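Contents: one structure, followed by commentary.
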């Protein structure tokens, strides 16, 4: 595989439902998918419609080895999988990880149901890549390889989910998305404390209140760069630009994630 600089790449940042259109050209309309590209392997968070574009970008790089970590298994975070072209290539290999489904083996069952008629006409076994499906209990560490440390934390958006902290490529990165703000933030703050990068979102009708909580987490957790994601389907580019301006005034290291953003990790 050709050598790549370590990058954080946002392929989808829209919450709820994919939202293409004239009002979302700046921040993007694809649903959640984030890649950490360390060159010899990739780590992917969530499989929204941004996964389709990621898959296209990987085709010239085969063989590709990657891990896909699910923060949630809501439809908007798995609906890109049927269009993941890189999983069609027999020389590629991908491991799927899920820490919040109630029964062992359930991530395979969830994705099988997704790719079953009448929901989708092509079954999961159409993919020729080597695929493995791994269920774990959120709160336990993951063993991806000897160069990558992954710790996890159970979270909720009303339904169970998983937050991740990945140390790889010489940096630490947190992914904690679609979280209903807990009354006590201590556990989350301790989990992300000192991260170089944090991808974060809270769910709630009061966006300003969620932003205040995110700023609090960034400050108390002494986090480096923070990217707020999962933008609401109705949030126009103009609205998001104004929101970001207010955030930056309060803490310059906090901004809104944009589809297509590439951030050098080292």
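Numbering (my numbering), first residue to last: 81 to 346.
Ideal placement from N, C-alpha and C gives every residue a C-beta, glycine not left out.
Given the structure is predicted, the values throughout are model-derived calculations rather than measurements.
Own chain residues within Cβ distance below 6 Å of residue i, not counting five before or after
{"i": "residue 278", "result": "254, 272, 303 and 306"}
{"i": "residue 180", "result": "218, 240, 241 and 242"}
{"i": "residue 86", "result": "118, 249, 345 and 346"}
{"i": "residue 343", "result": "88"}
{"i": "residue 212", "result": "175"}
{"i": "residue 163", "result": "132"}
{"i": "residue 252", "result": "275 and 276"}
{"i": "residue 229", "result": "247"}
For residue i, three-class secondary structure by DSSP
{"i": "residue 81", "result": "For residue 81, the predicted structure reports a pLDDT of 37, less than 50, and the residue's modelled location is therefore unreliable. A value from the coordinates is still provided. Three-state result, residue 81: coil."}
{"i": "residue 89", "result": "strand"}
{"i": "residue 121", "result": "coil"}
{"i": "residue 257", "result": "strand"}
{"i": "residue 325", "result": "helix"}
{"i": "residue 206", "result": "helix"}
Best match in the options for proximity to residue i [C-alpha to C-alpha]
{"i": "residue 318", "options": "91, 100 and 107", "result": "107"}
{"i": "residue 287", "options": "256, 268 and 312", "result": "312"}
{"i": "residue 210", "options": "167, 91 and 89", "result": "167"}
{"i": "residue 126", "options": "135, 231, 114 and 100", "result": "114"}
{"i": "residue 172", "options": "162, 208 and 158", "result": "208"}
{"i": "residue 44", "options": "120, 308 and 149", "result": "In the structure displayed, the chain extends from 81 to 346; residue 44 sits before or after that span and is not available."}
Own chain, CB closer than 8 Å to residue i, minus 5 neighbours either side, in chain order
{"i": "residue 295", "result": "327, 330, 331 and 334"}
{"i": "residue 97", "result": "111, 156 and 313"}
Beta carbon proximity, residue i to chain B, threshold 7 Å
{"i": "residue 132", "result": "The displayed structure is made up of one protein chain only, and chain B is not part of it."}
Contacting residues, own chain, Cβ-Cβ under 7 Å from residue i (five flanking each side not counted)
{"i": "residue 100", "result": "109"}
Discussion item. Contact between the stretch 191-203 and the stretch 231-246 is defined here as three or more beta-carbon pairs at a separation below 8 Å; is this criterion met?
Written reply: no
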